[in-house]
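J.: Handing you this structure, nothing more for now.
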Amino acid sequence: MTMQDKQAWSGRFNEPVAELVKRYTASVDFDKRLALFDIQGSLAHAQMLAAGGIISAQDLKDIQRGMAQIENEVLCGNFAWQLDLEDVHLNIEKRLTSLVGDAGKRLHTGRSRNDQVATDVRLYLRHAIDELIVLVHALQAALLDLAQQHTHTIMPGFTHLQVAQPVSFAHHLMAYFEMLKRDAERLADCRKRVNRLPLGAAALAGTGYPIKREYVAELLEFDGVCENSLDAVSDRDFAIEFSAAGALIMTHLSRLSEELILWMSPRFGFIDIADRFCTGSSIMPQKKNPDVPELVRGKTGRVNGNLVALLTLMKGQPLAYNKDNQEDKEPLFDTVDTLTQTLRIYADMMGGITVKPEAMRSAAFQGYATATDLADYLVKKGLPFRDAHEAVALAVRFAVERGCDLSELKLEELQQFSALIANDIYAVLTLEGSLASRNHTGGTAPQQVEAAIARARKSLA
Ligand code: ARG
434 MTMQDKQAWS GRFNEPVAEL VKRYTASVDF DKRLALFDIQ GSLAHAQMLA
484 AGGIISAQDL KDIQRGMAQI ENEVLCGNFA WQLDLEDVHL NIEKRLTSLV
534 GDAGKRLHTG RSRNDQVATD VRLYLRHAID ELIVLVHALQ AALLDLAQQH
584 THTIMPGFTH LQVAQPVSFA HHLMAYFEML KRDAERLADC RKRVNRLPLG
634 AAALAGTGYP IKREYVAELL EFDGVCENSL DAVSDRDFAI EFSAAGALIM
684 THLSRLSEEL ILWMSPRFGF IDIADRFCTG SSIMPQKKNP DVPELVRGKT
734 GRVNGNLVAL LTLMKGQPLA YNKDNQEDKE PLFDTVDTLT QTLRIYADMM
784 GGITVKPEAM RSAAFQGYAT ATDLADYLVK KGLPFRDAHE AVALAVRFAV
834 ERGCDLSELK LEELQQFSAL IANDIYAVLT LEGSLASRNH TGGTAPQQVE
884 AAIARARKSL A
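Take the sequence shown: its letters are residues 434 to 894, numbered as in this note's numbering.
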């Protein structure tokens with residue numbers, strides 16, 4: 434072994450690592466994306482070392498100068514990443530040393546790659562969470578814009594995918610607004626646990642140098658330090674928690690996607706999605722396929738998979754750091770990337786939806802969506818609810834046999850089912866009447882939906 438291709442840790446080894454093993458254990462191909470966070474963490478560490486007299490002021494200056502150049506190389510894409518140098522940390526350290534000499538070799542004083550990588554991942558994730566929250570909010574705003582136009586658009590609400598009761602289309606959209614609101618809250622909450630500093634834990638037990646962890650935490654804008662060194666280097670629960678929050682975001686969008694796909698099908702015909710989000714078929718000229726929502730539904734599988742991967746990665750690990758943890762990055766990065774792309778495209782797609790109120794209305798009309806309103810009408814006139822339910826069931830059966838809606842039955846026909854039915858029933862059986870009657874917080878009355886939208890706008894502002 435020449436000095437040139439020696440590994441940072443190879444002093445106690447008698448032979449070089451096998452080629453295959455080198456490739457198997459190297460992570461630089463994927464962890465190089467942590468480079469800027471690695472530099473940020475190193476600079477804070479070096480500043481603390483210098484402040485405590487552990488390295489000299491000149492060393493710090495050299496490190497800062499070298500890191501500025503490295504950062505520039507990384508940003509310009511001409512940093513020469515080497516697989517032989519294993520990971521992002523050793524690549525940067527080696528380059529630093531080649532640029533500034535001994536100061537570069539002093540940077541790793543009082544530190545281990547174990548606390549270094551945990552810090553990098555937390556810095557990366559904190560940044561990703563901040564960006565994702567903005568994207569979730571943008572999608573919420575896009576939902577609001579669409580909802581605002583459709584407080585009075587009536588669609589059938591479904592249970593069991595059978596027509597249940599009429600609802601305002603805006604009300605339906607606002608259900609997703611609520612889901613996304615909780616999603617954003619979950620991200621913000623998870624961020625609190627991400628935002629703790631592992632540095633200072635060193636390999637696992639801490640370090641004998643007179644370090645100042647709180648100072649580093651302050652420099653890196655962490656809310657505090659990880660309280661236990663073994664825990665600091667080994668647990669990735671913060672990444673798992675984030676992945677769970679991400680899986681829920683995708684799950685919510687997958688549900689919405691499933692609806693968009695159904696609604697765009699000519700069988701429903703409730704909406705159209707702008708051409709730029711769809712593709713055609715190479716064999717069937719008539720086709721326009723909702724590829725984007727389908728892919729969102731499909732990609733939910735990989736994001737859920739990433740969560741399971743991380744949980745499984747963690748479950749068998751004894752304290753403290755194990756190389757297993759190197760496997761945390763790809764699932765985490767993939768979840769961040771998938772969420773970023775999905776949220777962006779979704780906010781855009783919401784603006785490309787054409788609503789077909791007539792189709793929604795006629796579907797609501799065909800499905801006896803106001804049957805519950807008839808039952809409630811009878812209850813208000815003194816009939817016990819169970820009896821009212823039975824009377825209306827018989828009326829629906831009668832209407833089904835005639836192939837018409839309840840509102841199309843003559844008064845005498847309706848009165849066969851209850852003598853309590855009078856002429857005022859026709860106002861109750863309209864879709865508008867049904868919506869307007871559900872006039873309480875959380876209900877579908879257009880007035881309530883408008884208020885919900887106004888509150889929602891305020892919450893985003
Ligand atoms: N590439 C490693 C990881 O991602 C860095 C830490 C390695 N530590 C060690 N002692 N081998 O986890």
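Yeah, the Cβ is synthetic: ideal placement off N, Cα and C, and Gly gets one too.
Roughly how many angstroms lie between the CA atoms of Gly702 and Gly866, to the nearest whole one?
T.: If you take the alpha carbons of Gly702 and Gly866, they lie about 24 angstroms apart.
J.: Taking 8 angstroms as the cut-off, decide whether the C-beta atoms of Val788 and Thr584 are in contact.
T.: No, they are not a contact pair.
J.: Might you give, ordered along the chain, the residues of its own chain that have their beta carbon closer than 7 angstroms to the beta carbon of Glu883, omitting 5 neighbours on each side?
T.: The residues are Thr584.
J.: Between Asn524 and the ligand ARG, is the CB less than 7 angstroms from at least one heavy atom?
T.: Because no heavy atom of the ligand ARG lies under 7 angstroms away, the Cβ of Asn524 does not count as near it: no.
J.: Give the secondary structure of Gly641 by DSSP, where H, G and I count as helix, E and B as strand, and everything else as coil.
T.: In the structure shown, Gly641 sits in coil (DSSP, three-state: anything other than H, G, I, E or B).
J.: Would you please state the rounded distance, in angstroms, between the beta carbons of Ala386 and Val554? I believe it to be under 8 angstroms.
T.: Not covered by the structure: residue 386. The range shown for the chain is 434 to 894.
J.: Flag this pair as yes or no: are the beta carbons of Phe675 and Ile562 separated by less than 8 angstroms?
T.: Taking 8 angstroms as the Cβ cut-off, Phe675 and Ile562 qualify as a contacting pair.
J.: Can Ser460 be considered in contact with the ligand ARG, in the sense that its beta carbon sits closer than 7 angstroms to one or more heavy atoms?
T.: Ser460 Cβ: within cutoff of the ligand ARG.
J.: Assuming contact is defined by CB atoms lying nearer than 8 angstroms, are Ala634 and Asp761 in contact in what I supplied?
T.: Going by C-beta atoms, Ala634 is not nearer than 8 angstroms to Asp761.
J.: In three-state terms, what does DSSP make of Asn737?
T.: The answer is helix: DSSP assigns Asn737 an H, G or I state.
J.: State the DSSP-derived secondary structure class of Pro589, mapped to helix, strand or coil.
T.: Note: Pro589 maps to strand in three-state DSSP.
J.: Mark His478 as exposed unless 16 or more other C-beta atoms lie within 10 angstroms of its C-beta, in which case mark it buried.
T.: Classification of His478: buried, given that the 10 Å Cβ count is 16 or more.
J.: In angstroms with no decimal places, state the Cα-to-Cα distance between Arg629 and Val600.
T.: If you take the alpha carbons of Arg629 and Val600, they lie about 46 angstroms apart.
J.: Quick one: is Arg445 buried, meaning 16 or more other Cβ sit within 10 Å of its Cβ, or exposed?
T.: Exposed, because fewer than 16 other Cβ atoms sit within 10 Å of the Cβ of Arg445.
J.: In this structure, does DSSP put Thr874 in helix, strand or coil?
T.: Residue state, collapsed to three classes: coil.
J.: Assess contact between the segment 792–807 and the segment 709–726, defined as three or more Cβ pairs (one per stretch) separated by less than 8 angstroms. Is contact present?
T.: They do not touch, by the three-pair rule.
J.: Would you check if the segment 728–743 and the segment 681–696 touch, i.e. whether three or more CB-CB distances between them fall below 8 angstroms?
T.: Taking 8 angstroms as the limit for Cβ pairs, the verdict is that the segment 728–743 does touch the segment 681–696.
J.: Mind listing, in chain order, the continuous beta strand (DSSP E) runs of no fewer than 3 residues lying wholly within the segment 652–716?
T.: Taking only runs of at least 3 residues, the beta strand (DSSP E) segments lying wholly in the segment 652–716 are 704–706.
J.: So, at 6 angstroms on beta carbons, what are the nonlocal neighbours of Gly590 in its own chain, with the 5 sequence-adjacent residues on each side left out?
T.: Once the five neighbours on either side are set aside, the close Cβ partners of Gly590 are Ala597, Gln598 and Val600.
J.: With 8 angstroms as the threshold, decide whether the Cβ of Leu482 is near any Cβ in chain B.
T.: Chain labels in this structure do not include chain B; a single protein chain is all it has.
J.: Around the C-beta of Thr435, are 16 or more other C-beta atoms found within 10 angstroms, so that it is buried, or is it exposed?
T.: Confidence at Thr435 is low in this model, with a pLDDT of 48, below 50, so the placement of that residue should be treated as unreliable; the coordinate-derived value is given next. Exposed.
J.: Which same chain residues end up closer than 6 angstroms to Val627 when comparing Cβ atoms and leaving out the 5 residues on each side of it in sequence?
T.: These residues qualify, in order along the chain: Arg555, Leu558, Arg559 and Phe671.
J.: For Trp696, count neighbouring C-beta atoms within 10 Å of its own C-beta (all shown protein chains included) and say buried if the count is 16 or more, exposed if not.
T.: Trp696 is buried by the Cβ-count criterion.
J.: Beta carbon of Arg546: closer than 7 angstroms to some heavy atom of the ligand ARG?
T.: Yes, Cβ of Arg546 sits closer than 7 angstroms to a heavy atom of the ligand ARG.
J.: Quick one: is the Cβ of Val454 within less than 7 angstroms of any heavy atom of the ligand ARG?
T.: Every heavy atom of the ligand ARG is 7 angstroms or more from the Cβ of Val454, so no.
J.: Please report the straight-line C-alpha distance between Asn524 and Arg456, rounded to a whole angstrom.
T.: Whole-angstrom Cα-Cα distance: 15 angstroms.
J.: Let me know the secondary structure DSSP gives Ser867 once reduced to three states.
T.: Ser867: helix per DSSP, three-state reduction.
J.: Specify the secondary structure class of Ile488 as computed by DSSP and reduced to three states.
T.: Three-state DSSP puts Ile488 in coil, outside helix and strand.
J.: Please state whether the Cβ-Cβ distance between Leu868 and Ala878 is less than 8 angstroms.
T.: Going by C-beta atoms, Leu868 is nearer than 8 angstroms to Ala878.
J.: Nearer than 7 angstroms: is that true of the beta carbon of Lys756 relative to any heavy atom of the ligand ARG?
T.: Because some heavy atom of the ligand ARG lies under 7 angstroms away, the Cβ of Lys756 counts as near it: yes.
J.: Under the three-state reduction of DSSP, which class applies to Ser443: helix, strand or coil?
T.: Here Ser443 sits in helix by DSSP.
J.: Can you tell me which of the three DSSP states Met434 falls into?
T.: Bear in mind that a pLDDT of 44 at Met434, under 50, signals an unreliable position, so the number given afterwards is only what the model happens to contain. Met434 falls in the coil class under three-state DSSP.
J.: Quick check: the Cα distance between Lys511 and Gly474, rounded to an integer number of angstroms?
T.: Before going further, note that residue 511 is Asn rather than Lys in the sequence given. If I take the Cα positions, the gap works out to 21 angstroms.
J.: Excluding the 5 residues flanking Lys645 on each side, which residues of the same chain have their C-beta closer than 8 angstroms to its C-beta?
T.: Here the set comprises Met481, Ala484 and Gly485.
J.: For Asp781, is the beta carbon positioned less than 7 angstroms from some heavy atom of the ligand ARG?
T.: No; taking the cut-off as 7 angstroms, the Cβ of Asp781 has no heavy atom of the ligand ARG nearer than that.
J.: Pairs of beta-carbons, one from the segment 658–671 and one from the segment 752–766, closer than 8 angstroms: are there three or more?
T.: With the cut-off at 8 angstroms, the segment 658–671 and the segment 752–766 touch.
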